[in-house]
Amino acid sequence: MVPHRLARLFSAARFALVYFASLTFGLLLSRFDRGVAVVWIAGAVLFVQLVVTPRRRWPDVGMTAVACAAAAIWWFGFGPLAALPLALISVGEAWAAAWVVKRIYPRFGRLQSIDEVVRFLLVAGLLVPALCAAPAAWVIHWVAGLPVMRAWGDWFGAHALGFIAFSPPLLLARQGEARHWLQSASARLKREAMLLLGLVALASLLTFGQNVVPLVLLPLIVMVATTLRLGRFGAMASVIILMTVGLIGTSAGFGPTMLLHVSTWLRYEVLQGYFASVVLVVLPLSAELVARQRLLERVQAAEALHRLIIERSSDVIIRVKYDGTVSFASPSLVRLWGYLPEEVVGRSVFELVHPRDAPRVRASRRSLMDTKDAMIAAEFRILRKNRSELWVEGSTRAVLDHQGRVNGTLTLIRDISGRREMIDNLPHLAMTDPLTGLANRRVFDLDLAKGLASGQSGCLALFDLDHFKQINDLHGRAIGDQVIRTFAQVLRESVRSGDNAVRLDGEEFAVVLFGARIEDARQICERIVARFAATRDFPAGAPVLHATVSAGLARFDPGSSPEAVMTAADTALYHAKSDGRNRLAVAA
787 MVPHRLARLF
797 SAARFALVYF
807 ASLTFGLLLS
817 RFDRGVAVVW
827 IAGAVLFVQL
837 VVTPRRRWPD
847 VGMTAVACAA
857 AAIWWFGFGP
867 LAALPLALIS
877 VGEAWAAAWV
887 VKRIYPRFGR
897 LQSIDEVVRF
907 LLVAGLLVPA
917 LCAAPAAWVI
927 HWVAGLPVMR
937 AWGDWFGAHA
947 LGFIAFSPPL
957 LLARQGEARH
967 WLQSASARLK
977 REAMLLLGLV
987 ALASLLTFGQ
997 NVVPLVLLPL
1007 IVMVATTLRL
1017 GRFGAMASVI
1027 ILMTVGLIGT
1037 SAGFGPTMLL
1047 HVSTWLRYEV
1057 LQGYFASVVL
1067 VVLPLSAELV
1077 ARQRLLERVQ
1087 AAEALHRLII
1097 ERSSDVIIRV
1107 KYDGTVSFAS
1117 PSLVRLWGYL
1127 PEEVVGRSVF
1137 ELVHPRDAPR
1147 VRASRRSLMD
1157 TKDAMIAAEF
1167 RILRKNRSEL
1177 WVEGSTRAVL
1187 DHQGRVNGTL
1197 TLIRDISGRR
1207 EMIDNLPHLA
1217 MTDPLTGLAN
1227 RRVFDLDLAK
1237 GLASGQSGCL
1247 ALFDLDHFKQ
1257 INDLHGRAIG
1267 DQVIRTFAQV
1277 LRESVRSGDN
1287 AVRLDGEEFA
1297 VVLFGARIED
1307 ARQICERIVA
1317 RFAATRDFPA
1327 GAPVLHATVS
1337 AGLARFDPGS
1347 SPEAVMTAAD
1357 TALYHAKSDG
1367 RNRLAVAA
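Under my numbering, the first residue of the sequence shown carries the number 787, and numbering increases by one thereafter.
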């Protein structure tokens, strides 16, 4: 805890020293004609300190800054009467700029986008200095007698240019931009940086080391080249070099501002405006370079992911141009369609679609390209290389160019032949008993009701396995299932070709014998009972068991109801069970 407090105390003392030094520099060296300081670095120093400091510690920074500003203005500025008011205005100006910038751009600090830079320039370089210049002008008018409008213009120009010119390099320096760059740059890039920054220094010396030829564009050209090659570090280092050389040269009586036949105050104002103009050129440029670099990294990552997905995906990915020509097909095409990717590139995608489905696919694609942002999924058939059909599902999205216009489509195609086969088999599955393969109760009810409604006569036979619960309990369900399957096979082989054998439920079965006389039906049922009693078709290793079945037979005539027929057959089955099982009983 103690080392932490000492570190905070040391940091506060360091800030106070730097801030007081920047105040002293501006007040002693740039207050010409006892007016407003022309070069105002102090506002940028405080602004940067607030930006990098947590909001909860701003009051401490503010009180330290007010004390330093009041002392500097008292000793080197407008005297004791203006010390506290101007200190409060100066500190409030930087405070307001930092608060508003952080409010409208919470992640402000890295200067990584044009949007971030523009918001900083509008707030710190225009809005806040213009507002704070008004009360400052009245205080200066009161203590120094300067006209209010002149004082307002001097304050606004000096402070706005100070924020614009000095805040970006100070902010990047405070955030360790140089350290990060030096740690990540290669040795070759470092040598290149030394050469480029040396050229910036040389261009600055040529510009501010003489006052014969106004070479104001020379440093800017070299700085732009340095920024393009080194990014934000190059922009920051170039601006610092230019400002250092420019301030020293101008103070010594050299530089392009010496060619202006104006007051010293205006000469420094022009110099600071030049610095701000340079910052306005290289700072957005560096921000755009950072944004483009980040975009390039995201594109490269997306491309790597895209390539991995394409190479490993079992689905087919097809890119189609606006006119329907295939421009790309993934390697999985050969597995699904039998074509190599190069065999379909350049062909119309509709040549690969089944002729019956092609119009529907074409219409859905046209509708998709009209809506742009939608995604359409459709099921259709394709023709494989061997001309066989394959059901697939295609999920298609429009592809836009840089102007937002549709220039094609991207489709993900998945094999759904298994699903389509299951869908086609659903009616059969809904009518079939899964254990035996016989028809189920739904089919039985429909057939019986339909036959009776059409005026048919015949017989209904019901079968019930004897002691089936004991078989399950003693030998297990696997043996019980085998007994059921065995009886189903006997039933299927014993009935007539047109008769429909049905498993009603559990161990209960039925056969509707349309058009059969009672004598013929009796023979069929007795044959079924006898065959099953003689059957020993059970799994190897299964215990020897004797399974039998009881049957009930009832005749029905045209006009009978299904309920009455079922009741009669069920009553006969009950009598067969009561008489000792393994037999047939016929309803009276």
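Where a beta carbon is used, it is the ideal one built from N, C-alpha and C, also for glycine.
- At a Cβ-Cβ threshold of 8 Å, V834 and L956 count as neighbours.
- Taking C-beta atoms as the reference points, E1294 and D1365 fail to come closer than 8 Å.
- The count of Cβ pairs closer than 8 Å, one atom from the stretch 967-984 and one from the stretch 934-953, stays below three, leaving the stretches out of contact.
- About 5 Å separates the CB atoms of G1338 and A1371; that is less than 8 Å, so the two are in contact.
- Restricted to the stretch 852-892, not a single beta strand (DSSP E) segment is unbroken, complete and at least 3 residues in length.
- At a Cβ-Cβ threshold of 8 Å, S1024 and V986 count as neighbours.
- Counting C-beta pairs with one atom in each stretch, the stretch 1094-1102 and the stretch 1026-1044 have fewer than three that are closer than 8 Å, which means they do not touch.
- The stretch 1059-1069 makes contact with the stretch 1000-1014; the number of CB pairs closer than 8 Å reaches 3 or more.
- For M1161, DSSP records a beta bridge to R1183.
- Within the stretch 1089-1138, complete alpha helix (DSSP H) segments of at least 4 residues are found at 1119-1122, 1127-1130, given in chain order.
- For the pair R1313 and V1297, the Cα-to-Cα distance works out to about 13 Å.
- Here DSSP, grouped into helix, strand and coil, assigns D1201 to strand.
- Spanning the alpha carbons of V831 and P954 requires a straight line of approximately 10 Å.
- When the beta-carbon positions are compared, V1130 and F1166 stay at least 8 Å from each other.
- Exclusion of the five residues before and after F1230 leaves N1286, V1288, L1290, A1296, V1298 as the residues of its chain whose Cβ lies within less than 8 Å of its Cβ.
- Residue burial annotation: V1048 is exposed, with fewer than 16 other C-beta atoms found within 10 angstroms of its C-beta.
- Unbroken alpha helix (DSSP H) stretches of 4 residues or longer found wholly inside the stretch 1251-1334: 1254-1261, 1263-1280, 1304-1319, given in chain order.
- Distance from the Cα of R1271 is smallest, within the candidate group N1368, E1074, L1221, V1178, for L1221.
- According to the DSSP secondary-structure assignment, E1175 is paired through a beta bridge with L1169.
- By the neighbour-count definition (other C-beta atoms within 10 Å, threshold 16), F796 is an exposed residue.
- A direct Cα-to-Cα measurement between A930 and Q996 gives close to 36 Å.
- For the pair of segments examined, the stretch 1117-1126 was found to touch the stretch 1097-1104: the number of CB pairs separated by less than 8 Å reaches three.
- In the three-state reduction of the DSSP assignment, R1369 falls in the coil class, being assigned neither a helical nor a strand state.
- According to the DSSP assignment, I1026 belongs to the alpha helix (DSSP H) that extends over 1018-1037.
- In this structure, the alpha-carbon of A883 lies about 15 Å from that of A951.
- When secondary structure is reduced to three states using DSSP, F1342 falls in the strand class.
- By the beta-carbon neighbour count (other beta carbons within 10 angstroms, threshold 16), H1332 is exposed.
- For L908, the three-state secondary structure derived from DSSP is helix.
- In this structure, the alpha-carbon of A1319 lies about 13 Å from that of H1253.
- The DSSP-derived three-state label of A1247 is strand.
- Nearest to W844 by alpha-carbon distance, out of F801, N1193, V822, is F801.
- The DSSP-derived three-state label of T1218 is strand.
- Counting C-beta pairs with one atom in each stretch, the stretch 868-887 and the stretch 917-927 have three or more that are closer than 8 Å, which means they touch.
- Beta-bridge partners assigned by DSSP to T1195: V1106, A1184.
- With a 10 Å radius around the Cβ and a threshold of 16 neighbouring Cβ atoms, H966 comes out exposed.
- With a cutoff of 8 Å on beta-carbon distance, S1346 and K1363 are scored as not near each other.
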